[in-house]
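> Under my numbering, the first residue of the sequence shown carries the number 46, and numbering increases by one thereafter.
Don't be surprised by glycine CBs; every beta carbon is placed ideally from N, CA and C.
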Amino acid sequence: AGFGDALLKSQKFVGNEDFLLHAGDCYFPEYKFLIDFMKYHQNSKNVSASILLKKMKNIKGYGIAQLEEHDGENIVVDVEEKPMKPKSNLAILPIYIFNSNIFKALKNTSQGYKSELQVTDAIMTLINKNEKILGFDYGDKEWFDIGSPDNYFNALTYSYKRIFG
Numbered sequence: 046a047g048f049g050d051a052l053l054k055s056q057k058f059v060g061n062e063d064f065l066l067h068a069g070d071c072y073f074p075e076y077k078f079l080i081d082f083m084k085y086h087q088n089s090k091n092v093s094a095s096i097l098l099k100k101m102k103n104i105k106g107y108g109i110a111q112l113e114e115h116d117g118e119n120i121v122v123d124v125e126e127k128p129m130k131p132k133s134n135l136a137i138l139p140i141y142i143f144n145s146n147i148f149k150a151l152k153n154t155s156q157g158y159k160s161e162l163q164v165t166d167a168i169m170t171l172i173n174k175n176e177k178i179l180g181f182d183y184g185d186k187e188w189f190d191i192g193s194p195d196n197y198f199n200a201l202t203y204s205y206k207r208i209f210g
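Rendered as structure tokens:
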């Protein structure tokens, strides 16, 4: 079970193409960043994944990433799913671009947080195999975690105010 298991079930539909994965429990009002995110991924050589990151003050409850810059690229060197003591302030937002290597990584990854197969753990499996993972900075754009009724209501209120003033 878990998000990783759901992703693994999509393998026959994805095939060997790079693909964008959106977990669906977040709302991004400004979707145009996706074009830049996809170009960032496509313009890099030999990249297995690109993950969306945002600097946050309150990092509790999020997967986190650590970056190192190499040749002008933000290379992800460590990820962890909802750690008790985060090593960075970079939250992983649930939009990813993967190549088909993620499926083999998922098959070689043990269950993690909440005894579920986690995408974050599979990304760490890729990192441990020296696969190139890029981090893309979401910046200060608005976004909403809609995984709870209160947060979902806040996102609806925000959208309503944007549309109707």
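(1) Considering L138, what are the terminal residues of the beta strand (DSSP E) in which it resides?
(2) Whole angstroms are fine: how far does the CA of I109 sit from the CA of A136?
(3) Over the uninterrupted alpha helix (DSSP H) stretch that includes Q56, give me the two end residues.
(4) Measure the alpha-carbon distance for S204 versus D190 and round it to whole angstroms.
(5) Say whether the stretch 151 to 169 touches the stretch 50 to 63, bearing in mind that this needs 3 or more beta-carbon pairs closer than 8 Å, one atom from each stretch.
(6) Rounded to the nearest angstrom, what separates K130 and K159 at their Cα positions?
(7) Any idea if A46 is buried or exposed, counting beta-carbon neighbours within 10 angstroms, 16 or more meaning buried?
(8) Let me know if V122 comes out buried or exposed under the rule of 16 or more other beta-carbons within 10 Å of its beta-carbon.
(9) Report the option in F58, I104, D182 and S133 whose CA atom is closest to the CA atom of Y85.
(10) Which residues in the same chain as F48 place their Cβ atom closer than 6 Å to its Cβ, once the five residues preceding and following it in sequence are excluded?
(11) Kindly indicate which three-state DSSP category F73 falls into: helix, strand or coil?
(12) Over the uninterrupted beta strand (DSSP E) stretch that includes L97, give me the two end residues.
(13) Three-state secondary structure (DSSP) at A110?
(14) Measure how close the beta-carbons of L138 and W188 come, nearest whole angstrom, since I'm counting them as under 8 Å.
(15) Which of helix, strand or coil does DSSP assign to N173?
(16) On a Cα-Cα basis, can you pick out the residue from F58, K57 and C71 that is closest to Y141?
(17) Closest Cβ-Cβ distance between Y203 and chain B: below 8 Å?
Reading from the atomic positions:
(1) Start at 1 with the first residue of the sequence shown, and residue 138 comes out as number 93. Start and end: L135 to F143.
(2) Position 91 of the sequence shown, counting from 1, holds the residue named residue 136. Position 64 of the sequence shown, counting from 1, holds the residue named residue 109. Those two C-alpha atoms are separated by around 5 Å.
(3) Translated into positions along the sequence shown, residue 56 becomes position 11. Residues Q56 to V59.
(4) What you label residue 204 is simply residue 159 of the sequence shown in a count that begins at 1. What you label residue 190 is simply residue 145 of the sequence shown in a count that begins at 1. If you take the alpha carbons of S204 and D190, they lie about 14 Å apart.
(5) The stretch 151 to 169 is in contact with the stretch 50 to 63.
(6) Position 85 of the sequence shown holds residue 130. Position 114 of the sequence shown holds residue 159. In a straight line, the C-alpha of K130 is about 17 Å away from that of K159.
(7) Your numbering for residue 46 matches position 1 in the sequence shown. With fewer than 16 other Cβ atoms within 10 Å, it is exposed.
(8) The count along the sequence shown starts at 1 and reaches residue 122 at position 77. By the 10 Å Cβ count, V122 comes out exposed.
(9) For the purposes of this step, residue 85 is taken as residue 40 along the sequence shown, with counting starting at 1. The shortest Cα separation from Y85 among F58, I104, D182 and S133 belongs to D182.
(10) As a working note, residue 48 is residue 3 in the sequence shown. Hits under 6 Å: V164.
(11) Numbered from 1 along the sequence shown, position 28 holds the residue referred to as residue 73. Coil, per DSSP.
(12) Working through the sequence shown from its first residue, we reach residue 97 at position 52. Residue range V92 to K100 is occupied by the beta strand (DSSP E) that includes L97.
(13) Along the sequence shown, read from residue 1 onward, the residue named residue 110 stands at position 65. Strand, per DSSP.
(14) The sequence position of residue 138 within the sequence shown is 93, counting from 1. The sequence position of residue 188 within the sequence shown is 143, counting from 1. Sure, about 7 Å apart at Cβ, within 8 Å.
(15) The residue you call residue 173 lines up with position 128 of the sequence shown. In this structure, N173 counts as helix in the three-state DSSP scheme.
(16) Here residue 141 corresponds to residue number 96 of the sequence shown, with the count starting at 1. It is C71 whose Cα lies nearest to the Cα of Y141.
(17) Of the protein chains in this structure there is only one, and it is not chain B.
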